[in-house]
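Participant: There's a structure below that I have some questions on.
Numbering (full-length UniProt numbering), first residue to last: 1 to 262.
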């Protein structure tokens, strides 16, 4: 169970993940941890390591405040919207719905696949082919907290997910999180995302990414520049091509009735 304040009324709303909603930490959406797949084969093979300065957002975590960390960096493989984001949704759902024992949560593999939005009609092989690479990329995403003075440096290095274990024969999934990052999983500011909108934007990863970004913004935000939207997508193509991608994504958001823009 998560809590959010309704932007229009100030009313406190309980947010519980279900089939049509998901709850996501604002920081991860605003920072662009999940981005569109690089379409170009050349770009796919080049610069696939993503590095994000998360200092402004994540130094508010208790861990950072207690240790005096003033720099937070997220480093790891490029996480896409089409598979990795949905797997992360499954991780968030798992910790929200199931009892956490120590730093682990356990559930059936079939249920976890459903929480990731994967149709139950898919074969076991197809499930593994989708979930396994995504879990590896998410578990391979490093979050480092550090502070450096003239004489000394201290640093805490951890992962978005500490470990993941699954056995399709026994129908089991075990997910382990860093206890010092539980606050990130249950960040005090949450956004309720409508999965229906995500589904309406199927295979339109740029539109999905901009949707999650816009949902993470405060009510009545200042005008958003094209440069800021380009930065959120973290594309590697020329600026002209990136602008086209942003405009196409915004038009797709308008088509589903989510927004209007000028």
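Backbone N, C-alpha and C define an ideal beta-carbon position, used for all residues, glycine too. The structure displayed is predicted, hence computed values, not measured ones.
1) Give the single residue among 31, 160, 81 whose Cα lies nearest to the Cα of residue 185.
2) Counting only the same chain and skipping the five closest in sequence on each side, list residues whose C-beta sits under 7 angstroms from that of residue 200.
3) Going by alpha carbons, who is nearest to residue 109 out of 235, 171, 216?
4) With a threshold of 8 angstroms on Cβ separation, who are the neighbours of residue 63 within its own chain once the five nearest residues in sequence on each side are excluded?
5) Expressed to the nearest angstrom, what Euclidean distance is found between the alpha-carbon atoms of residue 168 and residue 125?
6) Specify the secondary structure class of residue 87 as computed by DSSP and reduced to three states.
7) Nearest to residue 154 by alpha carbon, out of 66, 174, 216?
8) Just the Cα atoms here: how many angstroms apart are residue 79 and residue 216?
9) Roughly how far, in whole angstroms, is the beta-carbon of residue 83 from the beta-carbon of residue 134, given that I think they are within contact range, below 8 angstroms?
10) Quick check on the burial criterion: 16 or more other C-beta atoms within 10 angstroms. Buried or exposed for residue 152?
11) Do residue 48 and residue 33 have their beta-carbon atoms positioned less than 8 angstroms apart in this structure?
12) Within its chain, find whatever has a CB closer than 8 angstroms to the CB of residue 162; leave out the 5 residues flanking it on each side and keep chain order.
13) So within the stretch 94-151, which uninterrupted alpha helix (DSSP H) runs reach at least 4 residues, ignoring any that extend past its ends?
14) With residue 89 and residue 233 assumed to form a contact (beta carbons below 8 angstroms), what rounded beta-carbon distance in angstroms separates them?
15) Please classify residue 226 as buried or exposed, where buried requires at least 16 other C-beta atoms within 10 Å of its C-beta.
16) DSSP three-state call for residue 222: helix, strand or coil?
17) Three-state secondary structure (DSSP) at residue 242?
18) Note down the Cα distance separating residue 213 from residue 220, rounded to an integer number of angstroms.
19) Using only the alpha-carbon positions, how far apart do residue 54 and residue 73 sit?
20) Measure from the alpha carbon of residue 31 to the alpha carbon of each residue in 118, 230, 250, 243, then state which is nearest.
21) Does any residue of chain B bring its CB to less than 8 angstroms from the CB of residue 240?
22) Taking the alpha carbon of residue 165 as the point to measure from, which residue in 204, 106, 50 has its own alpha carbon closest?
Facilitator: Checking against the coordinates, here is how it stands:
1) The residue with the shortest Cα to Cα distance from residue 185 is 160.
2) So the qualifying residues of the chain are 256.
3) Nearest to residue 109 by alpha-carbon distance, out of 235, 171, 216, is 171.
4) 69, 145, 156, 180, 181, 183, listed in sequence order.
5) Their Cα atoms are separated by approximately 10 angstroms.
6) Residue 87 carries a helical assignment under DSSP once its states are collapsed to helix, strand and coil.
7) Sorting 66, 174, 216 by C-alpha distance to the C-alpha of residue 154 places 66 at the top.
8) Across the structure, residue 79 and residue 216 are spaced so that their CA atoms are roughly 18 angstroms apart.
9) The pair is a contact, with the Cβ atoms about 5 angstroms apart (cut-off 8 angstroms).
10) The residue is exposed, with fewer than 16 neighbouring Cβ atoms inside 10 Å.
11) At the C-beta level, residue 33 and residue 48 stay beyond 8 angstroms of one another.
12) Within the same chain, residue 162 has close Cβ partners 103, 139, 176, 177, 178.
13) Within the stretch 94-151, the alpha helix (DSSP H) runs of at least 4 residues that lie entirely inside it are, in chain order, 109-115, 124-139.
14) In fact, because the Cβ distance is near 19 angstroms, the residues do not count as touching under 8 angstroms.
15) Classification of residue 226: exposed, given that the 10 Å Cβ count is below 16.
16) In this structure, DSSP gives residue 222 a state outside helix and strand, which the three-state scheme calls coil.
17) In this structure, residue 242 counts as helix in the three-state DSSP scheme.
18) Straight-line Cα distance between these residues: approximately 14 angstroms.
19) Residue 54 and residue 73 have their C-alpha atoms some 5 angstroms from each other.
20) Distance from the Cα of residue 31 is smallest, within the candidate group 118, 230, 250, 243, for 230.
21) Looking for chain B here will not work: only one protein chain is present.
22) Comparing Cα positions, the closest option is 106.
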